[in-house]
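One structure below.
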Amino acid sequence: MNMPVFTLPRRIYYQRDIIDNLGDILRNEKSKNVLIITDRNIMSIHGKRLESSLMNFNFKFFDDVKPEPSIESIEKAVDEINMLDIDTIIGIGGGSVLDFAKSVAIKLSHPDKDLRDVNPFEPIDLKLKLIAIPTTSGTGSDVSFGIVLTDVDRKLALGNYELVPYISILDSSLTPTNPEIIRSTGIDAFVHAFEALSANTSTIFTDALAEKAIEIIYKNLGKAMRNDEDAKDLIHLSATMAGIAFSNSGTALAHALGHSFGATFHVVHGTSVGLFLPYVIEFNSSDEYTRSKYEKVARILDTGDIIDKIKEFYDSIGQPYRVKDLNIPKNEYIKMIDELISKSLQDSELAFNPVVVGEEDLRNIYLRAYGD
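Per the numbering used here, the very first residue in the sequence shown carries number 1; after that it's consecutive.
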């Protein structure tokens, strides 16, 4: 029977510097043999801190995670790790690290499982605890069921609700201080929240989380970019709120547009999806119910025009909403539009958009987004 369900981690620990109490958390969870999966950058910055917190546990670090992990690299890692008696995996890093950790958890639980076959409909039955500690405030991977892996020359977007981590630990002291990274990841969370709100699979639960995440990000992202610690705390929490929302509803047209645009013109993901958000809101407002949701957000943000308010917000933090502001020549952009449309039409995110999207709709949005 197909029944509505709302999925999130068993527990979410949240506090600045809580990573220093990681040992206490693991003791509460009765963990004994721990594998920490991370990357070399995180290891160089926070390795000693982690070791100090884990001194009373049997633990091993694996820090050879590269961006956009491949199935081959995961299988190689599992061959190295498999001899260890592990009851808990901790992924600490950005989205790539957390996807890697989820994939290793699958392979350690079921060595013969082909990662390409992961899907929402077949049980996985993980044999160990999976703990996620995000070091960026945007992807929502710490509370989501999805993984993105590279298989030779193609990207695979896979998922299963058993891959929602058992525990998420939120500590803003682990997040970057670079304002451009804070902005792009924060805008990613902002778009996650807007698209979770408007998705045709949204629920009363996802709406509540999405609305609050939008409000928090709008009010605090600029301050977080100036490294205000309280604001960074709030942005980190709101990214997870938005992550829970979209993981239980979906992302939609802004992501389909941004995926194609970002890959073609090598623009950071958060910047790409954020650029198209105002045009997507305008397009989706043709649906009365969706428009009523946007109007509610406008009231929360104390404005009569949500699109103007978003553009004003973007201007205040340096987030573009016109392609020309990225110094992409118009002739080069126009030349690529047919390819952008083709890629967007194949994007699975379109299935969650509240308004059906056709080829000419995409063309109109891409053209308007250049910003003559």
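Just so you know, even glycine gets a beta-carbon here, dropped at the ideal spot from N, CA and C.
Predicted model only: the values in this text are computed from it and were never measured.
- prompt: Between the Cα of Leu149 and the Cα atoms of Arg363, Phe121, Val65, Ser137, which residue gives the shortest distance?
  reply: Considering only alpha carbons, the answer is Val65.
- request: Taking Phe57 and Val78 to be in contact with their CB atoms under 8 Å, please state how far apart those CB atoms are, rounded to whole angstroms.
  value: Taking C-beta atoms under 8 Å as the contact rule, Phe57 and Val78 fail to qualify, at a distance of about 21 Å.
task: Compare the beta carbon distance of Ile244 and Val143 with 8 Å and say whether it is the shorter of the two.
output: It is a contact, given that the beta carbons lie within the stated cut-off.
message: Please classify Phe246 as buried or exposed, where buried requires at least 16 neighbouring CB atoms within 10 angstroms.
response: The residue in question, Phe246, is buried, as its Cβ has 16 or more Cβ neighbours within 10 Å.
task: Sort Tyr218, Lys335, Phe283, Ala157 by Cα distance to Phe265 and report the nearest one.
output: Distances from the alpha-carbon of Phe265 to those of Tyr218, Lys335, Phe283, Ala157 put Lys335 closest.
message: Within a Cβ cutoff of 6 Å, which residues of the same chain sit near Gly93, ignoring the five residues on either side of it in sequence?
response: Annotation for Gly93: Thr38, Asp39, Ile42, Thr135 place their beta carbon closer than 6 Å to its own, counting only its chain and skipping 5 residues before and after.
query: So, are the CB atoms of Phe276 and Val267 less than 8 Å apart?
result: Not in contact: Phe276 and Val267 (Cβ atoms no closer than 8 Å).
message: Only counting the same chain, and skipping five residues up and downstream in sequence, which positions put a Cβ closer than 8 Å to that of Ile307?
response: Around Ile307: Pro278, Ile281, Glu282.
field: C-beta atoms of Ile12 and Thr240 nearer than 8 Å
entry: In contact: Ile12 and Thr240 (Cβ atoms closer than 8 Å).
message: Going by DSSP in three states, Tyr321 sits in which element: helix, strand or coil?
response: Here Tyr321 sits in coil by DSSP.
- request: Pull up the distance between the alpha-carbon of Gly371 and that of Val357, whole angstroms please.
  value: Approximately 21 Å between the Cα atoms of the pair.
query: For Val164, which residues from the same chain have a beta carbon less than 8 Å from its beta carbon, with the 5 sequence-adjacent residues on both sides left out?
result: Correct list, in chain order: Thr7, Leu8, Pro9, Val143, Ser144, Phe145, Ser247.
task: In the DSSP assignment, find the beta strand (DSSP E) that holds Val191 and state where it starts and stops.
output: Per DSSP, Val191 is not a residue of any beta strand (DSSP E); the alpha helix (DSSP H) it occupies stretches across 179–198.
- request: Would you tell me roughly how many angstroms separate the C-alpha atoms of Lys223 and Leu234, rounded to the nearest one?
  value: Leu234 has its alpha-carbon roughly 10 Å from the corresponding atom of Lys223.
query: Do you know how far the Cα of Asn327 is from the Cα of Leu350?
result: For Leu350 and Asn327, the distance between alpha carbons rounds to 28 Å.
- prompt: Can you list, in chain order, the residues of its chain whose CB lies under 8 Å from that of Arg368, leaving out five sequence neighbours each side?
  reply: Short of 8 Å from the beta carbon of Arg368, and not among the five residues preceding or following it, lie these beta carbons of its own chain, in chain order: Tyr279.
message: Count Cβ pairs between the segment 294–312 and the segment 196–212 that sit closer than 8 Å; are there 3 or more?
response: A contact exists between the segment 294–312 and the segment 196–212.
Those runs of the alpha helix (DSSP H) which lie wholly inside the segment 8–46 and span at least 4 residues: Whole alpha helix (DSSP H) segments, 4+ residues: 22–28.
query: Enumerated in chain order, which unbroken segments of the alpha helix (DSSP H) with a length of 4 residues or greater are wholly contained in the segment 211–274?
result: Runs found: 229–248, 253–265.
query: DSSP three-state call for Ile86: helix, strand or coil?
result: In the structure shown, Ile86 falls within a coil segment according to DSSP collapsed to helix, strand and coil.
field: Reduced DSSP category for Gly138 - H, G, I as helix; E, B as strand; rest coil
entry: Looking at Gly138 - three-state DSSP - the assignment turns out to be coil, as it is neither helix nor strand.
message: Could you check whether Ile106 and Ile437 sit closer than 8 Å to each other, using their CB atoms as the reference points?
response: Outside the shown range of the chain, which is 1 to 372, sits residue 437, and nothing can be said about it.
task: Reducing DSSP to helix, strand and coil, say where Leu128 ends up.
output: DSSP places Leu128 outside both helix and strand once states are collapsed to three, so it counts as coil.
message: I'd like the list of long-range same chain contacts for Asn284, defined as Cβ closer than 6 Å, with 5 residues on each side in sequence excluded.
response: Closer than 6 Å at Cβ, skipping near neighbours: Ser198, Thr290, Pro354, Val355.
message: Buried or exposed, going by whether 16 or more other CB atoms sit within 10 Å of the CB of Arg226?
response: That one is exposed.
task: Return the bridge partner residues of Leu158 from the DSSP annotation.
output: Answer is Ile147, bridged to Leu158.
task: Measure the CB-CB distance between Leu128 and Ser103 and report whether it falls below 8 Å.
output: Contact: no.
message: I'd like to confirm the pairing. Which residues does DSSP put opposite Gly91 in its beta bridges?
response: Paired residue(s): Ile37, Ala132.
field: Span separating the alpha-carbon of Asp24 from that of Phe59
entry: Note on geometry: alpha-carbon atoms of Asp24 and Phe59 lie some 14 Å from one another.
- prompt: Between Ala242 and Ala196, is the Cβ-Cβ spacing less than 8 Å?
  reply: Yes, they are a contact pair.
message: With H, G and I counted as helix, E and B as strand and the rest as coil, what does DSSP make of Asp287?
response: Taken through DSSP and simplified to helix, strand or coil, Asp287 comes out as coil.
Residues of its chain near Lys32, where Cβ-Cβ distance is below 7 Å and the 5 sequence neighbours each way are ignored: Once the five neighbours on either side are set aside, the close Cβ partners of Lys32 are Phe57, Asn58, Asp87.
- prompt: Where DSSP assigns a beta bridge to Ile71, which residues make up the other side?
  reply: DSSP, once it has assigned bridges, lists no residue as partnering Ile71.
message: Within the continuous beta strand (DSSP E) that includes Ser202, where are the two ends?
response: Where Ser202 is concerned, there is no enclosing beta strand (DSSP E), given that its DSSP letter is neither H nor E.
Sequence-distant residues of the same chain with beta carbon closer than 7 Å to Lys113, five excluded per side: So the list reads Ile106, Lys107, once near-sequence residues are dropped.
task: Pick out whichever of Asp153, Glu68, Tyr366, Phe61 has its Cα sitting closest to the Cα of Ser44.
output: For the residues Asp153, Glu68, Tyr366, Phe61, the minimum Cα distance to Ser44 belongs to Phe61.
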